[in-house]
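S.K.: If you're matching them up, the sequences are chains A and B in order.
Per numbering that gives the first Met the number 0, residue 0 is the first one in the first sequence, and the count goes up by one each step.
Per numbering that gives the first Met the number 0, residue 0 is the first one in the second sequence, and the count goes up by one each step.
By construction, the Cβ of each residue, glycine as well, lies at the ideal position given by its N, Cα and C atoms.
Provided herewith is a single structure, encoded as C-alpha cells, for subsequent inquiry.
There are 2 protein chains.
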Amino acid sequence: MAKDMTLLWGFGSPPCWRTMIALEEKNLQGYNQKLLSFEKGEHKSKEVMDINPRGQLPTFKHGDKILNDSYAACMYLESQFKSQGTQLIPESAAEQALMYQRMFEIPTFQEKLYYVAYYEYFVPEGERHDSALKRNKEALTAELQLWENYLQKMETGSYLAGKKFTMADVVGFPVVACAFRNGLSEERYPKLTEYYNLVKERPSVEAIWSKDWQKNPQGTDKLKDL
Amino acid sequence: MAKDMTLLWGFGSPPCWRTMIALEEKNLQGYNQKLLSFEKGEHKSKEVMDINPRGQLPTFKHGDKILNDSYAACMYLESQFKSQGTQLIPESAAEQALMYQRMFEIPTFQEKLYYVAYYEYFVPEGERHDSALKRNKEALTAELQLWENYLQKMETGSYLAGKKFTMADVVGFPVVACAFRNGLSEERYPKLTEYYNLVKERPSVEAIWSKDWQKNPQGTDKLKDL
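Encoded structure:
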C-alpha cells in the first residue's frame with residue numbers, strides 16, 4: 000500500500016484524474032488523499048502553496064519527493080514502479096513513438112477544449128469577443144476531428160496509441176471525458192464515443208469515478224453544437 | 000550517423016531547438032534536415048502536412064516512425080538511445096522527480112512568454128486589450144520570478160534540475176534563451192542569466208546556434224520592462 004504517498008486533489012479536474020488513474024493502474028491504492036475545494040479557493044491555501052508555489056491541484060508527494068504537474072507525476076510513477084501494475088510505456092520503438100506522439104498532443108486538445116468550455120473563466124467580461132469564441136470553437140472542432148480521424152484509422156476497440164492501454168490514455172482519457180461532460184455529440188463523434196465507452200469501464204477509471212464524477216454529476220452543454 | 004532520421008525545422012523555434020539539442024546530446028549527428036520558412040508558410044506545405052496534420056515544425060521521422068511534438072521526439076530519442084551520449088533522465092528517484100517536475104513546468108513558462116512576446120500574433124487586432132497584455136506581463140513576471148527562485152535555492156552552476164544537464168534543460172533552455180532574445184533584463188534576473196550563460200556554451204547548443212541564431216540575429220525588446 001502506498002502509505003508514503005499523498006495526493007491533494009479537486010473535483011472534476013482532468014489533471015487530478017490523470018494522477019489518480021496512474022496510481023490505480025500502477026496498483027498504488029491506499030495513498031493518503033485530501034479533497035480540496037476549488038470553489039472555496041483551497042488550492043491557494045498555505046497547505047498547497049507550501050508544496051506547490053503555483054497553487055494548483057493535483058499536488059502530489061511521494062516521501063519527500065514532490066510532483067505537482069500531472070504529466071510529471073504520471074511519468075515518475077511509471078518509471079519508479081515499472082514492473083508493477085500496467086506497463087504504461089510500450090517497449091517496441093514503433094509503439095513507443097506513437098504513444099509519445101499522442102501523449103504530447105493531448106495538452107493541445109486540452110487547451111482548445113478549455114478555451115471553449117471555460118472561456119468565461121479565462122477571459123474577463125470586458126475582454127470577451129464573439130469572434131474569439133467562434134474561432135476557439137472552430138479550432139476545437141478541427142482538433143476533435145483530428146482525434147476522430149486518428150481513431151478511425153485504427154482497429155475497432157483501439158486505445159489512443161494502439162491495442163494496449165498506455166500513458167497516452169492515462170493523460171488523454173480525462174480530456175475526452177471532459178469533452179463529453181460538456182455536451183460533445185455522440186452522433187457526430189462516433190469513434191471518440193466508442194473510445195470513451197471503452198475506457199470508462201476500466202477499473203482504474205471506475206475507482207476514481209466513484210470518488211468524483213458520480214458525486215458531482217452536473218456538466219454543461221457548451222460543446223453541443225460542435 | 001543518423002541517416003535514417005529526418006528533421007524539418009524552422010528558424011528561431013524553441014520546439015525545433017529542443018529536438019536538435021536532444022539529437023546532439025544523444026550523438027545523433029548527420030541526420031537529414033531541411034530548413035523551412037515560417038514566413039513563406041512552408042510549415043503548412045504538403046510535405047509537412049503529409050507527415051504532420053497539424054502543420055507545425057519540428058516534424059521528425061526516424062525510419063517510418065513519426066514524432067512531431069518536440070517533447071515526444073526528445074523522450075523517444077532518450078528512450079531508444081538510452082546508453083548513447085548524455086543520459087538525460089537521471090536514475091535516482093529524487094533527481095528524477097525534480098527533473099520531471101521542472102520538465103513539465105516548462106510549457107507553462109513557454110505559454111506565458113509567448114502571450115507577451117507574440118501577443119499580436121495570437122490575438123487579432125480588434126480583440127486586443129491593454130488590460131489583457133498587462134495581465135499577461137504580470138503573469139510572466141511571476142513565472143520568471145518562480146524560476147529565478149528555483150535557481151536561487153540551488154548551488155551555483157546548477158542546471159534546472161540539479162548538478163546534471165538533463166531533459167529539463169533540453170526542453171527548458173530554448174525557452175530561457177527565447178526570453179533573453181526578447182529583451183529580458185540580465186540585471187533583474189541574475190540566476191536565469193547565469194543559467195543562460197552556462198548552457199549556451201554547451202557543444203550541443205553551439206552546434207544548433209551556428210545553424211540558427213547567428214544567422215538570424217534580430218530579437219525584440221518586448222520583455223525589457225519585466
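#1: Between the stretch 112 to 130 of chain A and the stretch 83 to 98 of chain B, do at least 3 Cβ pairs fall closer than 8 Å?
#2: Where does A:Pro173 land, buried or exposed, given buried means 16+ other C-beta within 10 angstroms?
#3: Return helix, strand or coil for B:Gln79, following the three-state DSSP convention.
#4: Check whether the Cβ atoms of A:Ser130 and B:Glu126 lie closer than 8 Å to each other.
#5: Please list, in chain order, all residues of the same chain as A:Asp228 whose beta carbon is under 7 Å from its beta carbon, the five residues on each side excluded.
#6: What's the gap between the Cα of B:Glu185 and the Cα of B:Gly218?
#7: For A:Gly40, which of A:Asn31, A:Tyr30 and A:Leu56 has the nearest alpha-carbon?
#8: Give me whichever residues DSSP pairs with A:His61 in a beta bridge.
#9: Excluding the five sequence neighbours on either side, which residues of its own chain have a C-beta within less than 7 Å of the C-beta of A:Gly54, listed in chain order?
#10: Check the Cβ-Cβ distances between B:Gln83 and every residue of chain A, and say whether any is below 8 Å.
#11: Note down, in chain order, each residue of its chain lying with its Cβ closer than 6 Å to the Cβ of B:Phe37, except the 5 sequence neighbours on either side.
#12: In the DSSP output, what is B:Gly9 paired with across the bridge?
#13: Can you tell me the Cα-Cα spacing of B:Glu23 and A:Thr5, whole angstroms?
#14: Does B:Phe103 come within less than 8 Å of chain A when only Cβ atoms are used?
#15: Grab me the residues of B:Phe108's own chain with a C-beta within less than 6 Å of its C-beta, minus the 5 sequence neighbours each way, in chain order.
#16: Anything in chain A within Cβ reach of B:Asn67, meaning under 7 Å, just list it in chain order.
#17: Give every residue of the same chain whose Cβ lies closer than 7 Å to the Cβ of A:Thr58, excluding the five residues on either side of it in the sequence, and list them in chain order.
#18: Give the interface partners of A:Met74 over in chain B, defined as CB-CB distance under 7 Å, in chain order.
#19: Buried or exposed, going by whether 16 or more other CB atoms sit within 10 Å of the CB of A:Pro242?
#20: Along the stretch 131 to 152 of chain A, where does the CB come closer than 7 Å to a CB of chain B? Name the residues.
#21: Terminal residues of the continuous alpha helix (DSSP H) containing B:Asn135?
#22: I'd like to know whether the C-beta of B:Glu160 is nearer than 8 Å to at least one C-beta of chain A.
#23: Measure the C-alpha to C-alpha separation of B:Ala1 and A:Gly62 and round it to an integer number of angstroms.
#24: Expressed to the nearest angstrom, what Euclidean distance is found between the alpha-carbon atoms of A:Trp146 and A:Lys136?
#25: Just verifying my parser: in three-state terms, what is the DSSP assignment at B:Tyr158?
#26: Name the two residues that bound the continuous alpha helix (DSSP H) containing B:Tyr113.
#27: Kindly indicate if chain B contains any beta-carbon less than 8 Å away from that of A:His128.
#28: Can you tell me where the alpha helix (DSSP H) holding B:Tyr195 begins and where it ends?
#29: At which residues does the alpha helix (DSSP H) containing A:Phe164 begin and terminate?
#30: Are the C-beta of B:Gln86 and some C-beta of chain A separated by less than 8 Å?
#31: Alpha carbon to alpha carbon, how far is A:Ser12 from B:Ser209?
#32: For B:Ser78, which residues in chain D fall below 7 Å Cβ to Cβ?
#33: Please confirm whether B:Ala1 has its beta-carbon closer than 8 Å to some beta-carbon of chain A.
#34: May I ask you to list, following chain order, the residues of the stretch 46 to 64 of chain A that have a beta carbon less than 9 Å from some beta carbon of chain B?
#35: Rounded to whole angstroms, what is the Cα-Cα separation between A:Tyr188 and A:Ala178?
#36: Please name the residue in B:Tyr99, B:Phe80 and B:Tyr120 whose C-alpha comes closest to that of B:Val170.
M.R.: On the basis of the supplied data:
#1: In this structure the stretch 112 to 130 of chain A does not touch the stretch 83 to 98 of chain B; the number of beta carbon pairs closer than 8 Å is below three.
#2: Residue 173 of chain A sits at position 174 when you count from the first residue of the first sequence. It counts as buried.
#3: Residue numbering aside, residue 79 of chain B sits at position 80 when the second sequence is read from its first letter. Secondary structure at B:Gln79: helix, using DSSP grouped into helix, strand and coil.
#4: In the first sequence, counting from the first residue as 1, residue 130 of chain A sits at position 131. In the second sequence, counting from the first residue as 1, residue 126 of chain B sits at position 127. Yes, the Cβ-Cβ distance between A:Ser130 and B:Glu126 is below 8 Å.
#5: Residue 228 of chain A cannot be examined here, being either before or after the span of chain A that is shown, 0 to 225.
#6: Taking the first residue of the second sequence as 1, we reach residue 185 of chain B at position 186. Taking the first residue of the second sequence as 1, we reach residue 218 of chain B at position 219. If I take the Cα positions, the gap works out to 15 Å.
#7: Position 41 of the first sequence, counting from 1, holds the residue named residue 40 of chain A. Considering only alpha carbons, the answer is A:Leu56.
#8: What you label residue 61 of chain A is simply residue 62 of the first sequence in a count that begins at 1. A:His61 is bridged to A:Met4 and A:Lys64.
#9: What you label residue 54 of chain A is simply residue 55 of the first sequence in a count that begins at 1. Residues His42, Lys43, Val47 and Met48 of the same chain have their beta carbon placed closer than 7 Å to that of A:Gly54, with the five preceding and five following residues left out of the count.
#10: Residue mapping note: residue 83 of chain B aligns to position 84 of the second sequence, counting from 1. So no, B:Gln83 is outside the interface.
#11: What you label residue 37 of chain B is simply residue 38 of the second sequence in a count that begins at 1. Excluding sequence neighbours, B:Phe37 sits near Gly9.
#12: As a working note, residue 9 of chain B is residue 10 in the second sequence. Among the bridge pairs identified by DSSP, B:Gly9 is matched with B:Leu35.
#13: Position 24 of the second sequence, counting from 1, holds the residue named residue 23 of chain B. Position 6 of the first sequence, counting from 1, holds the residue named residue 5 of chain A. Going by C-alpha positions, B:Glu23 is about 38 Å away from A:Thr5.
#14: Counting from 1 along the second sequence, the entry for residue 103 of chain B is found at position 104. It does; some Cβ of chain A falls within 8 Å.
#15: As a working note, residue 108 of chain B is residue 109 in the second sequence. Leaving aside the five residues that flank B:Phe108 on each side, the residues in its chain whose CB is nearer than 6 Å to its CB run, in chain order, Glu142 and Val174.
#16: As a working note, residue 67 of chain B is residue 68 in the second sequence. Under the 7 Å cutoff, chain A gives Gln100.
#17: Counting from one through the first sequence, the residue named residue 58 of chain A turns up at place 59. Once the five neighbours on either side are set aside, the close Cβ partners of A:Thr58 are Leu7, Val47, Ile50, Asn51 and Asn67.
#18: The sequence position of residue 74 of chain A within the first sequence is 75, counting from 1. Within 7 Å of the CB of A:Met74, the CB atoms of chain B belong to Tyr99, in sequence order along the chain.
#19: No information on residue 242 of chain A is available, as it lies outside the stretch 0 to 225 that chain A covers here.
#20: Within the stretch 131 to 152 of chain A, the qualifying residues are Ala131 and Leu145.
#21: Against the second sequence, residue 135 of chain B aligns to sequence position 136. Element bounds for B:Asn135: Asp129 to Gln151.
#22: In the second sequence, residue 160 of chain B corresponds to position 161, counting from 1. For clarity, residue 160 of chain B is Ala in the given sequence; the question names Glu instead. Answer no: the Cβ-Cβ gap between B:Ala160 and chain A never drops below 8 Å.
#23: Numbered from its first residue, the second sequence carries residue 1 of chain B at position 2. Numbered from its first residue, the first sequence carries residue 62 of chain A at position 63. Approximately 41 Å between the Cα atoms of the pair.
#24: Residue 146 of chain A sits at position 147 when you count from the first residue of the first sequence. Residue 136 of chain A sits at position 137 when you count from the first residue of the first sequence. Rounded to whole angstroms, the gap between the alpha carbons of A:Trp146 and A:Lys136 is 15 Å.
#25: What you label residue 158 of chain B is simply residue 159 of the second sequence in a count that begins at 1. Of the three classes helix, strand and coil, the one that applies to B:Tyr158 here is strand, per DSSP.
#26: Against the second sequence, residue 113 of chain B aligns to sequence position 114. Counting along the chain, the alpha helix (DSSP H) containing B:Tyr113 begins and ends at Ala92 to Ala116.
#27: To locate residue 128 of chain A, count along the first sequence from 1; it is residue 129. At least one C-beta of chain B is nearer than 8 Å to the C-beta of A:His128.
#28: On the second sequence, residue 195 of chain B is found 196 positions in, with the first residue counted as 1. Going by DSSP, B:Tyr195 is part of the alpha helix (DSSP H) stretching over Pro189 to Lys199.
#29: Taking the first sequence and counting its residues from 1, the one referred to as residue 164 of chain A is at position 165. Neither: A:Phe164 is in no alpha helix (DSSP H) and is coded neither H nor E.
#30: One-based indexing of the second sequence puts residue 86 of chain B at position 87. So no, B:Gln86 is outside the interface.
#31: Start at 1 with the first residue of the first sequence, and residue 12 of chain A comes out as number 13. Start at 1 with the first residue of the second sequence, and residue 209 of chain B comes out as number 210. Distance between the alpha carbons of A:Ser12 and B:Ser209: 44 Å.
#32: Absent here is chain D; the protein component of the structure consists of chains A and B.
#33: Here the question's residue 1 of chain B lines up with position 2 in the second sequence. The Cβ of B:Ala1 sits no closer than 8 Å to any Cβ of chain A.
#34: Along the stretch 46 to 64 of chain A, the positions whose C-beta sits under 9 Å from a C-beta of chain B are Pro52, Arg53, His61, Gly62, Asp63 and Lys64, read in chain order.
#35: Locating residue 188 of chain A in the first sequence gives position 189, where the first residue counts as 1. Locating residue 178 of chain A in the first sequence gives position 179, where the first residue counts as 1. A:Tyr188 and A:Ala178 have their C-alpha atoms some 11 Å from each other.
#36: As a position in the second sequence, residue 170 of chain B is number 171, starting the count at 1. The candidate whose alpha carbon is nearest that of B:Val170 is B:Tyr99.
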